[in-house]
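Residue numbers (the numbering used here): 106 to 317. By construction, the Cβ of each residue, glycine as well, lies at the ideal position given by its N, Cα and C atoms. Bear in mind that the values here come from a model prediction, so they are computed numbers and not experimental data.
Next comes the structure, spelled out in structure tokens:
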């Protein structure tokens with residue numbers, strides 16, 4: 106269930122006044138509530154930025170007709186990868202499985218991206234891949250990661266202009282924890298970032314933060 110945007114009592118009263126009398130100026134709203142314009146300014150700013158109200162110069166405030174759920178949904182549709190992507194954690198194709206395990210531990214991540222000399226994506230390594238390799242009898246100091254990685258094109262990716270919602274669906278559909286953010290070049294798909302389940306969770310939770 107989508108959580109609606111919560112308003113305080115004064116903000117709800119402002120909405121009622123604007124619904125019944127809009128367009129209406131800030132001064133007129135203040136008069137009806139027996140408050141100063143300065144006192145109302147933060148509430149009007151919040152209601153306008155949240156999308157409940159719109160304002161036009163020399164006209165006043167008017168109600169947009171949108172519910173809190175509608176506004177929250179619209180906000181989700183404005184979350185793009187480019188605004189939330191993190192720095193990618195990568196290893197080269199020639200790296201050993203031992204090096205990859207050390208990198209994953211030091212960086213405290215669950216997924217590594219394997220890149221070639223042009224920093225273009227070759228494959229991906231998960232904790233399960235490295236655990237599976239370490240259980241066997243192979244020499245981890247000589248076993249290259251390209252032997253055990255999931256290879257392209259069998260890797261889900263996203264781009265900077267993709268919606269976070271679409272990436273979230275990909276993570277759920279593929280049952281994975283992370284996807285690389287790539288930029289298409291003449292040499293391949295250059296890795297420029299990463300998006301994880303934690304990234305998306307933080308972005309979505311931020312939409313319900315108290316605007317005060």
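Bounding residues of the beta strand (DSSP E) (the contiguous stretch that carries residue i)
i: residue 192; result: Looking at the DSSP string, residue 192 is not in any beta strand (DSSP E), and its letter there is neither H nor E.
i: residue 217; result: 216-220
i: residue 303; result: First-last for residue 303: 302-311, but that is the alpha helix (DSSP H), not the beta strand (DSSP E).
i: residue 284; result: 283-290
i: residue 167; result: 165-168
Nearest candidate by alpha-carbon position, reference residue i, set the options
i: residue 262; options: 190, 168, 153 and 165; result: 190
i: residue 182; options: 271, 293 and 310; result: 271
i: residue 127; options: 147, 188, 114 and 166; result: 166
i: residue 205; options: 248, 297, 117 and 257; result: 248
i: residue 163; options: 286, 133 and 145; result: 133
i: residue 273; options: 251, 259, 299 and 258; result: 299
i: residue 196; options: 212, 170 and 238; result: 212
i: residue 245; options: 207, 257 and 227; result: 207
i: residue 209; options: 232, 200 and 221; result: 232
i: residue 258; options: 280, 228 and 264; result: 228
i: residue 139; options: 243, 256 and 118; result: 118
i: residue 297; options: 306, 161 and 220; result: 220
Nonlocal neighbours in the same chain, by C-beta distance under 8 angstroms from residue i, ignoring five residues either side
i: residue 120; result: 112, 152, 157, 158 and 168
i: residue 223; result: 290, 292, 293 and 295
i: residue 141; result: 135
i: residue 124; result: 168
i: residue 146; result: 131
Cβ-Cβ distance between residue i and residue j below 8 angstroms
i: residue 225; j: residue 130; result: no
i: residue 282; j: residue 302; result: yes
i: residue 230; j: residue 217; result: yes
i: residue 287; j: residue 275; result: no
i: residue 253; j: residue 266; result: no
i: residue 260; j: residue 202; result: no
6 angstroms Cβ shell around residue i - same chain, five flanking residues per side excluded
i: residue 106; result: With a pLDDT of 37 at residue 106, under the threshold of 50, the modelled position of that residue is not reliable, and no figure is offered here.
i: residue 184; result: 269 and 308
i: residue 160; result: 153 and 166
heavy atom of the ligand MG below 7 angstroms from residue i C-beta
i: residue 126; result: This structure lacks the ligand MG; in fact it carries no ligand of any kind.
Proximal residues to residue i (C-beta, below 7 angstroms), its chain only, five neighbours per side dropped
i: residue 304; result: 189 and 191
i: residue 115; result: 148
i: residue 214; result: 194
i: residue 199; result: 249
i: residue 187; result: 265 and 266
Residue i: first and last residue of the uninterrupted alpha helix (DSSP H) it sits in
i: residue 210; result: 202-212
Task: Inside the segment 119-161 only - alpha helix (DSSP H) runs reaching at least 4 residues - done: 131-138 and 142-155
Task: alpha helix (DSSP H) runs contained entirely in the segment 223-271, provided each spans 4 or more residues - done: 232-240
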